[in-house]
Each structure stands twice: as structure tokens, then as C-alpha cells.
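Chains as they are written, first to last, in UniProt numbering: chain E, 1 to 144; chain D, 1 to 144.
We put the beta carbon where it would ideally sit given N, CA and C, even for glycine.
Note that the structure is predicted; figures quoted are calculated from it, not measured.
Scroll down for the structure; my scribbles are underneath it.
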């Protein structure tokens, strides 16, 4: 059975896709409870820093500490989101897939972050189709 | 004479301070022209990802490329802002000071980013006073 927090991240990605946005979602959880969910908002709000992970952290608002949290994301975190995970001292990241984007696992692990990859086929299919249908938008989102 | 883009970053930090916020500002410039300015908005909007650099990049909106831009910031970039500079492929960062916060210069430079430090006394004084007067808020902003 899928972890409910990961499912929340996946549903956020689907929601973004249904809005014409980039289908990447994330959720922040503490003690098994989802405290915030977010998705990429580049298209929806013209916001280049609103990757899924960033939107979830923004939605969580000001937190005293993230040391007891887990961040779930449908796709491997880019350098921005990786730097944010490091800065916020989030100890554990659960990633849907890293096949369509490699992310920065080495940097995360070098700073002590536990990275767990689910290899979720739904996430792979969703991103692969998106990248094929919207290559320019995808390139823009990762600044390529 | 101070670079006008750095001056814009400094004035944004002053503006944040006058609003009761954290006094860190940033500006994004292209070809000597300031295209966006921002400041920390943790206090103003309860937004933990809105560091000065992030706010300036959000204000700049969707850009096709950042390879011809320079990011100015009053304080050494943290891991979040460093990861963002790397991800966005911003080649050059001008930093007001790194005395009150060391930032992630080594990581930036390891990814080929040119880091220039101005050692601006106004920035040092502003941050030092802020850190002394608001130690908890400062600790929260850097997740300590």
C-alpha cells in the first residue's frame, strides 16, 4: 500500500497537470501526518521558484524545526530543492522516481540526508509523457 | 561608487527592516540593468522560502535563461539560495558581506559560480544589530 503522504504528493502533481501546469508534487509530513502539500506553480503563477517541494514548504509556513519531518516528492529534487532540504535540515526525503530527472542525490547524501526512492511507475509515466509533450516548458523549469 | 544593483539590494534590505522583517535584500541584473528586487519575507508573509535572493527571483518571473544575469545580495547565500543559483545557472553573485553568516561559497565555487564579496560595512552593521536584537528570529531563518 502506498504511503498516504506520498499519495498526497502524487495527487498534487496530478492536480497541477489538470491545471495545465508541471506535474510535480510534494508533501511535508511529521509523525506520519501530512502538514502541507504543494505542486509546481511555474505555469499557474509565473513563479520560477515554486517547484513542488518549495510550494509544500511555503504552504507549511513558519516551522520551529524540520528535524522531525519527512519530505515526499514525486520527482528527484533539483539543486534548488536540494539546497532547501539541506538548509532546512530536513533529514529524510522520499522520492517517487529519478528516471526522468537525476536530481542531486549525491549532494543530499553528502550532507547526511536519507534519500529513499520508490521507483513509482505512475510518476515515471506522468513525467515522461509531460516531457515529451512540453519539451520547452520542461527545459525552462530546469533552466536548460 | 556603489554599484546601483547592489544599492537596490541594500535598499530592499532596509525596507524589510522598516517593516519589522529580516534585513536581507537582493537584486537580479542583466547587462547592468536591475530587472528585479526582493527582500526576505518570512515575517511579512510567513513565508520560509522567501529569502532575499528567492524573492528577487520570484519577482523576476519566468526567464528564458539566467546565464547573462548577476545576482546581488546583501548577505552570503545560504544552502537554499546557493542551490537555486546553481539550478538557475546564474554565473555570478555579488555579496555584501559574509562576516555575520558564512553561507555556502565553497559549494557555489565548486559549481563554477563566480562569487564576489564587497565587505560592505553597512551590511555588516545592519545584520549584526539585527542578530543581536532578534536572535530567535534569526535562528529560525537559518533553521538553527
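- Under the three-state reduction of DSSP, residue 69 of chain D is assigned to strand.
- Chain E has a Cβ within less than 8 Å of the Cβ of residue 49 of chain D.
- Secondary structure at residue 124 of chain D: helix, using DSSP grouped into helix, strand and coil.
- Per DSSP, residue 28 of chain D is not a residue of any alpha helix (DSSP H); the beta strand (DSSP E) it occupies stretches across 25-30.
- DSSP places residue 83 of chain D in the uninterrupted alpha helix (DSSP H) bounded by 79-88.
- For residue 39 of chain E, the enclosing beta strand (DSSP E) covers residues 33-39.
- Three or more Cβ pairs closer than 8 Å define a contact, and the segment 94-101 of chain E meets that threshold against the segment 71-81 of chain E.
- Residues are counted here when their Cβ sits less than 8 Å from a Cβ of chain E; for the segment 75-103 of chain D these are 78, 79, 80, 81, 82, 83, 84, 86, 87, 88, 89, given in chain order.
- Boundaries of the alpha helix (DSSP H) harbouring residue 52 of chain D: 52-60, taken from the DSSP string.
- Remark: C-beta atoms of residue 29 of chain D and residue 55 of chain D do not approach each other more closely than 8 Å.
- By the neighbour-count criterion, in which a residue is buried when 16 or more other Cβ atoms sit within 10 angstroms of its Cβ, residue 2 of chain E is exposed.
- Annotation for residue 116 of chain E: the continuous beta strand (DSSP E) segment containing it runs 114-117.
- By a beta-carbon distance limit of 8 Å, residue 118 of chain E contacts residue 96 of chain E. Their separation comes to about 6 Å.
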